[in-house]
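What follows is a single structure, written as structure tokens, with notes after it.
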């Protein structure tokens, strides 16, 4: 497999994780709405929803998958598009994806904040290093 293919597959894997968490969110929300007889219109705004839902773990995680990972997708797109892929980048990309999977598993299950925080910081620093390394390599 080429470095470009590795980056594309890493991005696709993170996208699949996002879809899986989205399906989990739908399952949890619909179940909670049925169990607690919550009318859809009563949670039309995010502030209303925060007051009504008891379990927001999947929702919170779904939002998180559209924050830091956006910089990951951008980096991979730049690397593949420019043809500038340092040998270490695919390995780092898979490391970032693995950390996001672990972060999602923690947040959607037992949700221990400090465990989640350590995984987040590791992914944050890894992605920061990936951007710095990519930029320096491109010069």
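Residue numbers (the numbering used here): 47 to 185. Even for Gly, the Cβ is constructed at its ideal location relative to N, Cα and C.
query                                                                                                                                 : result
Pairwise C-alpha distance: residue 126 and residue 179                                                                                : 15 Å
Supposed close pair residue 150, residue 63 - CB separation, criterion 8 Å                                                            : 6 Å
Residue 130 to residue 167 span [Cα, whole Å]                                                                                         : 26 Å
Touching by the beta-carbon criterion (3+ pairs, under 8 Å), the region 92 to 109 and the region 68 to 84                             : yes
Same chain, Cβ closer than 8 Å to residue 184, five either side skipped, listed in chain order                                        : 128, 130
DSSP three-state assignment for residue 123, whether helix, strand or coil                                                            : helix
Proximity below 8 Å, CB of residue 165 to CB of residue 137                                                                           : no
Whole-angstrom distance between residue 102 and residue 153, CA atom to CA atom                                                       : 10 Å
Contact belief for residue 169 with residue 135 at Cβ below 8 Å, rounded distance in angstroms                                        : With a Cβ gap of about 15 Å, residue 169 and residue 135 do not count as contacting.
Contacts around residue 52, its chain only, beta-carbon distance under 8 Å, and the 5 residues preceding and following it disregarded : 136, 139, 140
Residue closest to residue 69, alpha-carbon to alpha-carbon, out of 115, 105, 110                                                     : 105
Contact under 8 Å by Cβ, residue 182 with residue 142                                                                                 : no
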